[in-house]
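Taken in order, these protein sequences are the chains called A and B. When the letters of the first sequence are read in order and numbered with our numbering, they come out as residues 4 to 602. When the letters of the second sequence are read in order and numbered with our numbering, they come out as residues 4 to 602. From the three backbone atoms N, C-alpha and C, an ideal C-beta is built for every residue, glycine too. Just so it is clear, the structure is predicted and the values come from calculations on it, not from any experiment. All remarks here apply to the structure that follows.
Protein chains: 2
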Amino acid sequence: MPVSYTPPIRDMQFVLHELLHATDTLRALPAHAEVDVDTVNAILEEGGKFAAGVVLPLNLPGDAQGCRLDRDTHAVTTPDGFADAYRQYVEGGWPSLSCDPEHGGQGLPHTLNQCFYEMLNSAGQAWTMYPGLSHGAYEALHAHGTEAQKKLYLPRLTSGEWTGTMCLTEPHCGTDLGLLRTKAEPVGDGTYRITGQKIFISAGEHDMAANIIHLVLARLPDAPAGSKGISLFVVPKFHASADGTLGERNAIHCAALEHKMGIHGNSTCQMVLDGAIGTLVGEPHKGLAAMFVMMNAARLGVGCQSLGLTEVAYQNAVAYAKDRIQMRALTGPKAPDQAADPILVHPDVRKMLLTARAFAEGGRALLCHTALRLDVALASDDEDEKQSAADEVALLTPIVKAFLTDNGWLATSHCQQVFGGHGYIHEWGMEQFVRDARINMIYEGTNTIQSLDLLGRKVLLDNGKKLKALGKTVQEFIEDAGIREDMQEFVNPLADLGDKVSKLTMEIGMKAMGNPDEVGAAAVDYLRVVGHLVFAYLWARMAQVALDRQAAGDTDPFYTAKLHTARFYFARLLPETASLIRSARSGSGALMAMDAALF
Amino acid sequence: MPVSYTPPIRDMQFVLHELLHATDTLRALPAHAEVDVDTVNAILEEGGKFAAGVVLPLNLPGDAQGCRLDRDTHAVTTPDGFADAYRQYVEGGWPSLSCDPEHGGQGLPHTLNQCFYEMLNSAGQAWTMYPGLSHGAYEALHAHGTEAQKKLYLPRLTSGEWTGTMCLTEPHCGTDLGLLRTKAEPVGDGTYRITGQKIFISAGEHDMAANIIHLVLARLPDAPAGSKGISLFVVPKFHASADGTLGERNAIHCAALEHKMGIHGNSTCQMVLDGAIGTLVGEPHKGLAAMFVMMNAARLGVGCQSLGLTEVAYQNAVAYAKDRIQMRALTGPKAPDQAADPILVHPDVRKMLLTARAFAEGGRALLCHTALRLDVALASDDEDEKQSAADEVALLTPIVKAFLTDNGWLATSHCQQVFGGHGYIHEWGMEQFVRDARINMIYEGTNTIQSLDLLGRKVLLDNGKKLKALGKTVQEFIEDAGIREDMQEFVNPLADLGDKVSKLTMEIGMKAMGNPDEVGAAAVDYLRVVGHLVFAYLWARMAQVALDRQAAGDTDPFYTAKLHTARFYFARLLPETASLIRSARSGSGALMAMDAALF
């Protein structure tokens, strides 16, 4: 049984059109005034065909084959078919979907690009990272590049003719970029000579595009120590004249490929800069701020990777659970004509599947909601609306990154478990999803860092302003829906959790004033609690849509399934908050008391 | 920084001598009357040297190299050094440690062998499976073999000259062995001609021993359908005369090696039996019962594998967390002379490490306790004591298997996370622990099957008799320790959880009478709750020992660390039971309501 994937178009349409009414929101933005439901649906359809038809077949063989480095030429060969799929991707115009029309983009909303990327990630995370990384470089140059940089790079990143990377990490520093050592010395002609070593550079070298545009963090000679002395440079693999004609090879090359747990099809490179020539992006010493433009988009992208893996793992585990016969149902034979029942009859198999399903559908709702708010934040002409949308995106970004990737790890592992021993075997594809999903909890800021970003920076630093705004939205929904008898089962636990989050936030805030370690001790549990609050809110809203459709006489079984999954979420997944809150409240004492020497 | 491992001798001694007073228990058994503390300690020391010195260096390269099959000769070559390490293992007399002296064994207690195997598993699970599988074959033949079978096979399995396998699974049946199709036809001379295909046969073919003794499940021509028509056969790779001289090659061979997520150093074989000649073990059609002798021991062995991985992952993550500098402590610089603080200052890094530590130390206590009860069950001359020990082992076996392997998956993943991006890179060794740990939740009965075994068979089927016996032991401890002020922090949550387990068990039992799916819906959560009850009991007892030593003036920091870890367990890990109980109580409705077609 080969790995299969059916793009979840129906559920995306449910989220976009029935839950979020996304086109209404988008059309109120001048940049997206012409977006309509038909355009959205057509792009979802075509995007899904590309993902399932072109990318999916490469995923399993690409994992087995991996990338190869020629140590003499420093050239990297990607797995068979990867470059050809990328060619088709470029020819189809996919790279330009949400790019700025000023530089050749189609100017479509991020919300749509997000749905497309979910499907690409389901079909193959390793392949999708090649075009995916370009977006980060595009965003940083779009926001901070000089006119000349924009004119040279943006149209070619937009078309996909060239790809981009982010070169941040060094062997001794990942989380703590303040420690980085790569040096940039002014040549005197406005360019800089950059020397250093970067590691973990995804898509750092490959055979899929004519040029690779590296965004590199480095220190100027007069740079202050620490994170306030870091500048951002653009360093192309090949120099290019203003018209884009490629010139000499720049002194940046791939010295080695990392041997990784997963995403074997992506080239994770150790990059050596040996006096490579680059130009400054943005202000000197302000590189970290410029880089965070890329990082925030990338963090949403990582959540999207795990969403994609969760969905494809779920689909394949369901197919297996319907096909595989083993034992009888505890309540007696369900398929008496066969030697045993399909394993879907067993409650715990269903529990594992429904966990993945609820995480996938909840994650899709959360990501689409966040992307829509991002579109508003970027394109609204109302400053208040712009700011409140940006605030909500800022609050939700660490949740999307950490909550969805932790969920993706659990879900892919559950789906692997459904396959029994076959789940451990490469050819069935499930163990690859687990291995691929594992990196998402680590890169673009570990999930611990996300939790500190949420609790420390996004919640406590502004005295809970952003959280209260979200709470107000939730509260309004509770008040509206709370008068409906058929919504009690969803609204009551949501309201209860909302109260608990308020109390927990205040409690940690108070304790943190006396001891900053209280933030670090509670943050990871806290993020999952708030993640569940957002999920519970979205699941209650989805249930309401389904109930309304049923009340209106719609017999589409889609709504029946949506309600079952919502009830499962509230019965089986939301209760995790009980433990998380107890653990978060237990404080830092039990963690900090032990002397380092005793570990 | 290469992967390192220091055998946790001190903690093993604490568990064996200070917590369990194992030699007192053992010396009361006629077979172990001469076991003393010095012997135990000497074997732990020597065993630890073998594991860390001989096995550990092979683990990472063995994973990268894997096993190779010659498709012409069907010969399997194990990774470089594996066969030589096995030779040293045999020369050191290690295979015979807990084997019957009647067949050349040293007759030492299982408890000691269990500690030795923990160290082997820390050093390399893939290598350790080669000798480990022999134990299962040994046990089945020891319990059910004819005199001739025993005489031929047991001395050579005991010496390690030959190894053994368990051939159960077929492509279409793993959990449900009643479906198996391999056929055994009587030749007429007391032997059988066996034909069929087996998959997932660990150590099924290799270059480490002169002969491989396969224990094979198959159907006789007159066999009833289902699980009551399965017989057990012994099928040697090479025929051998009664004196052990090897003769012709038998018609059983390795047709392919599986490509797995982990344990790459172990040969997981597809075995083809093409009229292979074997002899019956035990009664016709009673093969499954005979096989369960092996399975129960193997399940404890799988728990031990995850314990080993948890311990070695913890040690390496601690070393990294002390060495790696990144960011400052939230409470201000702790290593002002360095550019950043060691990451061990961060609360969540400590939380991940302490989780692994509490799982390792709790798991060690549980496994040693269970192994000691197994020694009593096997060697006591008091029938009541024998039975009550056997009952407790029966109850604890699924908990050891599922709870420790789920914990091992969490713990190795946490330890990988401590390494940040380096955790995803093969050379650092951490991702291998995660991949290796993953199989332990699947094989020897998936963890779902373990949970059904616990709740359905071990608890509900005898109206809670075995569980009540354990509860009585816990209750007696609570009454004794509960009068001590310094034990309140441990005894109170233990007593509370004990009450909750009683209520939960009764509630599920009542519901299950009306609907058997209630068992399947609650079982996985239930097993983890009971796992925590056992852990809380053992952690409280360990804390008491540490408090007593401190009260007696002992200033060994070992006891300080033990108390910190106990407090961490109660503050941060035990609270998981709050969610588990809510989830378990939510019933089967949310799982079973959705039509299969809607998945």
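- Shown here, Asp83/B sits in coil according to DSSP, grouped into three states, outside any helix or strand.
- Counting the other CB atoms within 10 Å of its CB gives Lys461/A a total of 16 or more, which places it among the buried residues.
- At a cut-off of 8 Å between beta-carbon atoms, Phe602/A makes contact with chain B.
- Interface annotation, Lys325/B: in contact with chain A, CB-CB separation under 8 Å.
- Under the three-state reduction of DSSP output, Phe436/A falls in the helix class.
- Glu173/A carries a strand assignment under DSSP once its states are collapsed to helix, strand and coil.
- The Cβ atoms of Gly127/B and Leu61/B sit closer than 8 Å to each other.
- For a Cβ distance threshold of 7 Å, residue set Gln420 of chain A lies close to Met444/B, ordered along the chain.
- Val548/B sits away from Thr28/B, with the two beta carbons spaced by 8 Å or more.
- In this structure Met169/A is in contact with Leu218/A, their Cβ atoms being roughly 5 Å apart against a cut-off of 8 Å.
- Contact between Tyr89/B and Tyr133/B is confirmed by a C-beta separation of about 6 Å, below the 8 Å threshold.
- Taking a C-beta distance under 8 Å as the contact criterion, His113/B and Ala374/B qualify as a contact pair.
- At a cut-off of 8 Å between beta carbons, Cys257/B makes no contact with chain A.
- At least 8 Å separates the CB of Ile233/A from every CB of chain B.
- Here the C-alpha atom of Ala343/A lies approximately 17 Å from the C-alpha atom of Arg353/A.
- From the listed residues Ala151/B, Met122/B and Trp97/B, the smallest Cα separation to Ser137/B is found for Trp97/B.
- Listed along chain A, the residues sitting closer than 8 Å to Cys176/B by beta-carbon distance are Gln329.
- Assignment of beta-bridge partners to Asp344/B by DSSP yields no partner.
- The residues Ile197, Val238, Asn253, Ala254 and Ile255, in chain order, have a CB closer than 7 Å to that of Ala279/A in the same chain once the five nearest residues on each side in sequence are set aside.
- At a Cβ-Cβ threshold of 8 Å, Lys201/A and Tyr427/B do not count as neighbours.
- For Ser586/A, DSSP assigns no beta-bridge partner whatsoever.
- Cβ contact annotation for His175/B (same chain, cutoff 7 Å, sequence separation greater than five): Leu182, in chain order.
- Between Arg544/B and Phe602/B, the C-beta gap is not smaller than 8 Å, which leaves the two residues out of contact.
- Identification of chain A residues near Phe571/B by a Cβ-Cβ cut-off of 9 Å yields Ala593, Leu594, Ala596 and Met597, ordered along the chain.
- Contact between Gly512/B and Leu457/B fails: their C-beta atoms lie close to 13 Å from each other, not under 8 Å.
- Taken through DSSP and simplified to helix, strand or coil, Ile266/B comes out as coil.
- Assigned with DSSP and collapsed to three states, Glu251/B falls in strand.
- Taking C-beta separations shorter than 8 Å and ignoring five residues to either side along the sequence, the partners of Gln152/A in its chain run Leu144, Val237, Thr282 and Val284, following chain order.
- Linking Gly459/A to Ser270/A through their CA atoms gives a straight-line distance of about 34 Å.
- Under a criterion of Cβ atoms nearer than 7 Å, the residues of chain B adjacent to Leu356/A are, in order, Phe602.
- In the structure shown, Tyr195/A adopts extended strand secondary structure according to DSSP, grouped into three states.
- Shortest Cα-Cα distance from Phe241/B to any of Ile233/B, Ser234/B, Gly250/B and His147/B involves Gly250/B.
- When the beta-carbon positions are compared, Gly304/A and Arg441/A stay at least 8 Å from each other.
- The Cβ neighbour count for Thr313/A, taken over all protein chains shown within 10 Å, is at least 16; the residue is labelled buried.
- For Met597/A, there is no enclosing alpha helix (DSSP H), since its DSSP letter is neither H nor E.
- Just measuring C-alpha positions, the residue of Phe53/A, Leu455/A, Gln453/A and Gly84/A sitting nearest Gly65/A is Gly84/A.
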